[in-house]
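J.: Each residue of the sequence shown is one higher than the one before, starting from 11 at the first, in the working numbering.
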Amino acid sequence: MTEERSFRVVLEMPEERRSIDCGASEYILNAAADHGINLPVICRQGRCLTCAARLLEGIVEHDHPDSYFAEDQTAGFILTCLAMPRRELRILTHQEWEMRAHRLAHNLPAPYA
Numbered sequence: 011m012t013e014e015r016s017f018r019v020v021l022e023m024p025e026e027r028r029s030i031d032c033g034a035s036e037y038i039l040n041a042a043a044d045h046g047i048n049l050p051v052i053c054r055q056g057r058c059l060t061c062a063a064r065l066l067e068g069i070v071e072h073d074h075p076d077s078y079f080a081e082d083q084t085a086g087f088i089l090t091c092l093a094m095p096r097r098e099l100r101i102l103t104h105q106e107w108e109m110r111a112h113r114l115a116h117n118l119p120a121p122y123a
């Protein structure tokens, strides 16, 4: 049986900085929850933007990329409910309103904005 590869993910949150391990096929949001870290989330489908974060270092892949746009990637935003690590990561969490503003500026869907 082959063990899944995991990556170190550093979460820079408003009150603290935490490091977790996240499997290559595991959503960052779920890995954080497994480590007792409750990140913002509502829909878990990448549509509400509540889980938005900024990717400061590393590479992620988004499951169901129909709710994630090239403009989001270019601006450095990720959706932690759908993002899976492909390298070691450093993430700035709690970027919901920044991502909404970005989406509105680019005429992209931005619910609750």
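Cβ coordinates follow ideal geometry from the N, Cα and C atoms, glycine included.
Would you check if the segment 103-122 and the segment 59-66 touch, i.e. whether three or more CB-CB distances between them fall below 8 Å?
T.: Yes: the two stretches touch, three or more of their Cβ pairs being nearer than 8 Å.
J.: Pop quiz: Thr-90 and Leu-49 are said to be a contact at Cβ under 8 Å. What is the actual Cβ separation, rounded to whole angstroms?
T.: With 8 Å as the limit, Thr-90 and Leu-49 qualify as a contact, their Cβ atoms being about 6 Å apart.
J.: State the DSSP-derived secondary structure class of Pro-50, mapped to helix, strand or coil.
T.: Residue state, collapsed to three classes: coil.
J.: Within 7 Å: the Cβ of Leu-49 and any heavy atom of the ligand NAP?
T.: Ligands in the displayed structure: none, and consequently the ligand NAP is not present.
J.: What first and last residue would you give for the alpha helix (DSSP H) that runs through Asp-44?
T.: Here the alpha helix (DSSP H) through Asp-44 covers 38-44.
J.: At the level of alpha carbons, what is the spacing between Val-70 and Gly-86?
T.: Roughly 11 Å between the two C-alpha positions.
J.: Taking the alpha carbon of Phe-79 as the reference point, which residue from Gly-68, Glu-67, Leu-66, Ala-93 has its own alpha carbon closest?
T.: For the residues Gly-68, Glu-67, Leu-66, Ala-93, the minimum Cα distance to Phe-79 belongs to Ala-93.
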